[in-house]
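Residue numbers (this note's numbering): 72 to 483. Single-structure report; data block below.
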Ligand code: ADP
Ligand code: ASP
Ligand code: MG
């Protein structure tokens, strides 16, 4: 008897008909003799709607109350699925994160799971039941409701799979697996049979929202096999697993884009030691993650500093920087939300030269200006104007031979 954690995303539980379709899948897996824990997202669009309400209620919503509101979408879907499963004669029970409990830290809006007590869920399974758990939420040591960051139901699922020592974690979504790039913007995208934890980690953190980054960190740490597949058909999905030698041969395995970041430029700052620390410390203290940072060459003892933050943090970050601009002697602060980060990812980049220059050539060939660049062992990212997103993804996908008619010889 296997223990399987199945997670269904927003589109898969988007209305009653789809919830009934999910119930059929869950029942089939249960009736085949498996122990099933189901993790659900809110209905698609629901969490966005709830975020909208908090913004109407307050310009800078207090984070505890923000989480109280935006965690509620999942309560609806788990209750409904449990009801449908019971109508089908199955013993199903729904659980909020706090009822499991899933204990997190107190970083509202992007809390990290600290521990999971699986006792209650295992009792349910041992008595022949199906446990239906709310994704995306937990509870801090003081009893406050927390959320795990957008897309966080994936993390609930993988963390539960790790805590319960499940045999498999299945992520059911609206595409058939992990593709070479987002299949919704590039028709030529190819489904991968397998992808390594490290590559998936980079792809997720660079914008391939098919899996939340934290979920891949959990999967890698606890070696949870994760199968990404469609909730609408039975097609073979993509297995996220440990790297094997075959994977290393592929130079570039995916192209990602992220429209969820914004750029802040601090202009003409006196070029003195300590300026960067003064600028970034208050951002860190406010729980704001800074992604890319570029400092321009100093002219007449002045320099420009540009960095990116998530769109969600942009307003708060801009205000913090404005508040300290006098103290650091900056001449001006400019924000730009019309940017996208385009990245290429591949384990084989470790051992192949020339990938970066090829990326720059391809983008410049289309007249796309690169505003910022960052690299790691297995990825290269460029910030460009958001209007070029789809074009950049398509031309890079083609240039690196990732399409369905892929070229197998050396592409670099
Ligand atoms: P769910 O609601 O099921 O969690 P998400 O919308 O969070 O689904 O994630 C699935 C979406 O991820 C797909 O519809 C697709 O547009 C997007 N996506 C981005 N990059 C990729 C990729 N490389 N492979 C598959 N899907 C991707
Ligand atoms: N409902 C949450 C969101 O929209 C969590 C999830 O879907 O994974 O971000
Ligand atoms: Mg998701």
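Here a beta-carbon is modelled for each residue, glycine too, at the ideal position from N, C-alpha and C.
Residues near residue i in its chain [Cβ-Cβ closer than 6 Å; skip 5 each side]
i           : result
residue 240 : 76, 228, 229, 232, 295, 297
residue 327 : 274, 277, 278, 279, 414
residue 174 : 185, 186
residue 226 : 219, 283, 285, 286
residue 406 : 335, 389
Helix, strand or coil at residue i [DSSP, three-state]
i           : result
residue 339 : strand
residue 449 : coil
residue 138 : helix
residue 186 : strand
residue 358 : coil
residue 269 : helix
residue 289 : helix
residue 479 : No answer about residue 479 holds up, because its pLDDT of 49 lies below 50 and its placement is not dependable.
residue 311 : strand
residue 366 : strand
residue 442 : coil
Residue i, enclosing alpha helix (DSSP H) - first and last residue
i           : result
residue 485 : Lying outside 72 to 483, the shown extent of the chain, residue 485 is not represented and no answer is given.
residue 466 : 460 to 470
residue 226 : 224 to 234
residue 120 : 117 to 128
Sequence-distant residues of its chain with Cβ nearer than 8 Å to residue i (five each side left out)
i           : result
residue 456 : 409, 410, 411, 439, 440, 442
residue 105 : 72, 73, 74, 75
Contact test: residue i Cβ vs the ligand ASP heavy atom, cutoff 8 Å
i           : result
residue 85  : no
residue 180 : no
residue 276 : no
residue 224 : yes
residue 207 : yes
heavy atom of the ligand ADP below 8 Å from residue i C-beta
i           : result
residue 306 : no
residue 264 : no
residue 463 : no
residue 115 : yes
First through last residue of the beta strand (DSSP E) which encompasses residue i
i           : result
residue 300 : 297 to 301
residue 203 : 201 to 205
residue 165 : 163 to 166
residue 431 : Not the beta strand (DSSP E): residue 431 falls in the alpha helix (DSSP H), residues 426 to 436.
When the options are compared against residue i, the one with the closest alpha-carbon
i           : options            : result
residue 386 : 273, 132, 423      : 132
residue 89  : 338, 187, 243, 251 : 243
residue 422 : 204, 185, 450, 403 : 450
residue 357 : 363, 388, 378, 346 : 388
residue 197 : 107, 341, 204      : 107
residue 290 : 363, 171, 234      : 234
residue 171 : 151, 157, 195      : 195
residue 188 : 382, 471, 236      : 236
residue 263 : 391, 211, 252      : 252
residue 353 : 140, 322, 394, 342 : 394
residue 254 : 461, 470, 373      : 461
residue 209 : 375, 135, 407      : 135
Neighbourhood of residue i by C-beta, 7 Å cutoff - its chain only, sequence neighbours within 5 removed
i           : result
residue 138 : 179, 180, 216, 217, 218
residue 200 : 162, 163, 164
residue 146 : 167, 205
Item to check | Test item, CB below 5 Å from any non-hydrogen atom of the ligand FMN | outcome: This structure simply doesn't include the ligand FMN; it includes the ligand ADP, the ligand ASP and the ligand MG instead.
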